[in-house]
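Numbering (the working numbering), first residue to last: 970 to 1023.
Accompanying notes for the structure given below.
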């Protein structure tokens, strides 16, 4: 994320969605984050919803 911030600065959307350990697993299973179990997936889903609301 720091590399992207240095390259794109204000062009990045806010809120920023942090890296999380289960991203690769979610993407590999071809499941939307909104349907994935666990608290970190729920938090990420809420951040995606906030991005879409902007």
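Think of the CB as a built atom: it goes at the ideal place given N, C-alpha and C, for glycine as much as any other residue.
Check: Rounded straight-line distance, which links the Cα of residue 981 to that of residue 1012; Outcome: 19 Å
Check: Buried or exposed by the 16-neighbour rule on C-beta atoms within 10 Å, applied to residue 1010; Outcome: buried
Check: Coil, strand or helix - residue 1020 by DSSP; Outcome: helix
Check: Contact set for residue 1016: own chain, Cβ-Cβ below 7 Å, skip 5 residues either direction; Outcome: 984 and 986
Check: Residue 993: first and last residue of the uninterrupted alpha helix (DSSP H) it sits in; Outcome: 992-997
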